[in-house]
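Novice: So the protein sequences, as listed, match chains A and B.
Each residue of the first sequence is one higher than the one before, counting from 1 in our numbering.
Each residue of the second sequence is one higher than the one before, counting from 1001 in our numbering.
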Amino acid sequence: MISIALPKGRLGNKAYKILEECGYTAGELAEESRKLVFENEACGVRYFLVKPSDVAIYVEYGAADIGVVGKDVLLESGADVYELLDLGIGRCRMCVAAREDYVEDTGRATVVATKFPRVARKYFMDTNREIEVIKLYGSIELAPILGMSDVIVDLVETGTTLKENRLKVTEEIFPVSARLIANKAAYKFKESEMREIVRRMKEVTAK
Amino acid sequence: MLIDTRSLPKDERTYLELGALYEKQGYALYKMKKFEEYSLYLDNRNFLGSESVLTFQGFGGKLMALKPDVTLSIVKNARVPEKGCLKLYYRESVYRTERGGTDFKEINQMGLECIGALTEEDVRGICALAAESLSVIDEDFIFAVSHMGYLSALLDECGVADEKNRRAVIECLRARNAHDLPAVAGEGADTDTLARVIGTDTDFSSALAVVISLAKGEGTRAAAEELVALYESFASTPYRGRIRLDLSIVNDVDYYNGMIFQGYVSRVPKMILSGGRYDGLLSRIGREQGAMGFALNLGELNAFYPVKREERI
């Protein structure tokens, strides 16, 4: 039996569709329900629906053998897991953005508002720039508008939200998409099953 | 009065059984202080793989640290004979933060070190002892082997020269991530070969065939031969079905140079044994000797192997 952690919401639904097409069905999961665990013994899979930011943790601690998680969440968690496949869904970009009239003051530390402090620190450290991080949990775009931060580090999908708030992308950090991850210990004992899942998902996502 | 070891917690029972095993193999128990000068760890941060060290001020203003690692202390303090090898085993507490965390934990660690004129037979003997150590904990275990000499030479042969690209490719290997290779390996790098290494399954004989077929240079060929000899040496042991060749196991290139390995048991969802050959650490402190060892995190075991009620005293 392989246990799979899926993120609740749009990304989880898309990921489940791929898994369903691969033959790993769990009928009830597609229906509206408040259940969090779905099992199909015949297919040898058990699904958990968890908060997107928790998927990597469930997999790293072995509560789930594999999971689907955005590259943004994966890098922010720093989870020590295998990253077996790029599913090519949930595409967007991790970017630095600022007010349209922003000019960097190199004489002081840049104030960065973000939901992704680890990603932000690593990016600015790699480019040898000093920053002060303000961790926020939502509406990140407000921070530079209200003068609380110089820039933000956040996900940009179409750029519409930025435009509507008179912000612009100043730097692109990395492209983001959903990844299939696996617990390293579980992989050792269930390698053939996991390789089969990867093979089927590769076929379906390549279509 | 004799003690019924079945009533002991799993870590204590394992310690007693492994201690007997290591002494039978000629390893002597080594006790050490709980602390060292902080500079020892500062100079070897990459060997530790962590920058979190619990420090305190000693007499005379010297900055001291509670041991985050045992190997460094043994290498620094133990007297190695001019001929042959120094063979030690230990059971010590080390103090570290868990990855990403900020709280320090006292970790109950047991392991062994073999330092001196290491022969190929010694190397294979230590691998066999590591596998046997896992079998003492649980019959359902996996002993996964990799080779730093092979990986390091393979990166050269694949044209991954720049230090930043090498680090990124190593991260991809570690994560079995073939899809990000083209973006991080650098211009002109042979990412197809690297992707083959990542994509191969860990069944030793089939992975070994891939490893041999990709070995084009002297460094990769020599390492492949070492892996062949190891596999052959396991053929006559009860653990032949438990050994894997897994090149996603990568340690720091500056310290580790030969065979490296990790151990897992089916009940514990994390690695419980790790080790390998680390001649690089000794050459960094100006000693031309070989060194190899491994450590087991015994503290993890009790949660996954609770003592049954009828077995308690």
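Every residue gets a Cβ at the ideal spot worked out from N, C-alpha and C, and that includes glycine.
Who pairs with P1264(B) in a beta bridge, going by DSSP?
Specialist: The sequence shown places Tyr at residue 1264(B), rather than the Pro named in the question. Answer is I1142(B).
Novice: Which two residues bound the contiguous beta strand (DSSP E) that contains E1036(B)?
Specialist: F1035 to E1037 is the span of the beta strand (DSSP E), which, as asked, contains E1036(B).
Novice: Can you list the residues of chain B that D86(A) reaches, using a CB-CB cut of under 8 Å?
Specialist: The contacting residues are H1179 and D1180.
Novice: So, for G12(A): in the same chain, excluding its five sequence neighbours on each side, which residues have a beta-carbon less than 6 Å away from its beta-carbon?
Specialist: Same-chain partners within the cutoff: L6.
Novice: Residues of the segment 163-186 of chain A with a CB closer than 9 Å to any CB of chain B: list them in chain order, please.
Specialist: Listed by position, the residues of the segment 163-186 of chain A near chain B (Cβ gap below 9 Å) are F174, P175, R179, I181, A182, N183, K184, A185 and A186.
Novice: Tell me which residues share the same chain as C43(A) and place their Cβ nearer than 8 Å to its Cβ, disregarding the 5 neighbours each side in the sequence.
Specialist: Cβ neighbours of C43(A) beyond the five flanking positions: G23, Y24, T25 and A26.
Novice: Among Y1095(B), S1007(B) and F1294(B), whose alpha-carbon lies nearest the alpha-carbon of A1144(B)?
Specialist: Out of Y1095(B), S1007(B) and F1294(B), F1294(B) has the C-alpha closest to the C-alpha of A1144(B).
Novice: Give the residues from the segment 1254-1288 of chain B that approach chain A closer than 8 Å (Cβ to any Cβ), ordered along the chain.
Specialist: So the close ones are Y1264, S1266, V1268, P1269, K1270 and M1271.
Novice: With a threshold of 8 Å between beta carbons, is Y137(A) in contact with chain B?
Specialist: Not one chain B Cβ lies under 8 Å of Y137(A).
Novice: Helix, strand or coil for S53(A) per DSSP?
Specialist: Helix at S53(A).
Novice: On the three-state DSSP scale, how would you describe P1269(B)?
Specialist: Reduced to three states, the DSSP call for P1269(B) is coil.
Novice: Straight-line CA distance for R1166(B) to A1185(B)?
Specialist: About 7 Å.
Novice: So if I threshold CB-CB distances at 7 Å, which residues from the segment 1135-1150 of chain B count as touching chain A?
Specialist: Cβ contacts with chain A come from I1142 and A1144.
Novice: Check the DSSP bridge columns for H1147(B) and list the partner residues they point to.
Specialist: BP columns for H1147(B) point to M1259(B).
Novice: Which full runs of the alpha helix (DSSP H) of 4+ residues lie inside the segment 1042-1121 of chain B, going along the chain?
Specialist: If we require 4 residues or more, the alpha helix (DSSP H) runs fully inside the segment 1042-1121 of chain B come out as 1045-1048 and 1071-1077.
Novice: Please decide whether E196(A) counts as near chain B, where near means a Cβ-Cβ distance under 8 Å.
Specialist: So no, E196(A) is outside the interface.
Novice: Assign N128(A) to buried or exposed, taking buried as 16 or more other Cβ atoms, counted over all protein chains shown, within 10 Å of its Cβ.
Specialist: Burial call: exposed.
Novice: Any chance the segment 103-118 of chain A sits against the segment 143-161 of chain A, with 3 or more Cβ pairs inside 8 Å?
Specialist: Yes: at least three Cβ pairs fall under 8 Å.
Novice: L1227(B) and L1245(B) - do their beta-carbons sit closer together than 8 Å?
Specialist: Going by C-beta atoms, L1245(B) is nearer than 8 Å to L1227(B).
Novice: Using the beta-carbon count (16 or more within 10 Å), is D105(A) buried or exposed?
Specialist: Its Cβ having fewer than 16 others within 10 Å, D105(A) is exposed.
Novice: Can you round the beta-carbon distance between F174(A) and M94(A) to whole angstroms, since I take them to be within the 8 Å contact cut?
Specialist: F174(A) to M94(A), Cβ: 5 Å. Contact.
Novice: Can you tell which of Y1255(B), F1141(B) and E1023(B) has the C-alpha that lies nearest to the C-alpha of I1272(B)?
Specialist: For I1272(B), the nearest C-alpha among the options comes from F1141(B).
Novice: May I have the straight-line CA-CA distance separating V68(A) from L1173(B), to the nearest angstrom?
Specialist: Between V68(A) and L1173(B), the C-alpha separation is close to 19 Å.
Novice: Against D1201(B), what residues of chain A qualify as contacts under a CB-to-CB distance less than 7 Å, listed in chain order?
Specialist: Correct list: E191 and R195.
Novice: Distance, Cα to Cα, L87(A) vs T1237(B)?
Specialist: Approximately 41 Å, taken between the alpha carbons.
Novice: Can you check which of these residues, V1211(B), G1061(B) and K1067(B), is closest to V1053(B) by C-alpha distance?
Specialist: Minimum Cα distance to V1053(B) is reached at K1067(B).
Novice: Runs of 4 residues minimum, wholly inside the segment 108-180 of chain A: which ones carry the alpha helix (DSSP H) assignment?
Specialist: Whole alpha helix (DSSP H) segments, 4+ residues: 117-126, 142-145 and 160-164.
Novice: Any idea what DSSP makes of D86(A), helix, strand or coil?
Specialist: D86(A) falls in the strand class under three-state DSSP.
Novice: Establish whether the CB of A1175(B) and some CB of chain A are separated by less than 8 Å.
Specialist: Yes, its Cβ sits closer than 8 Å to a Cβ of chain A.
Novice: Closest to D1190(B) by C-alpha separation, out of L1214(B), F1204(B) and T1202(B), would be which residue?
Specialist: Here the closest residue by C-alpha is L1214(B).
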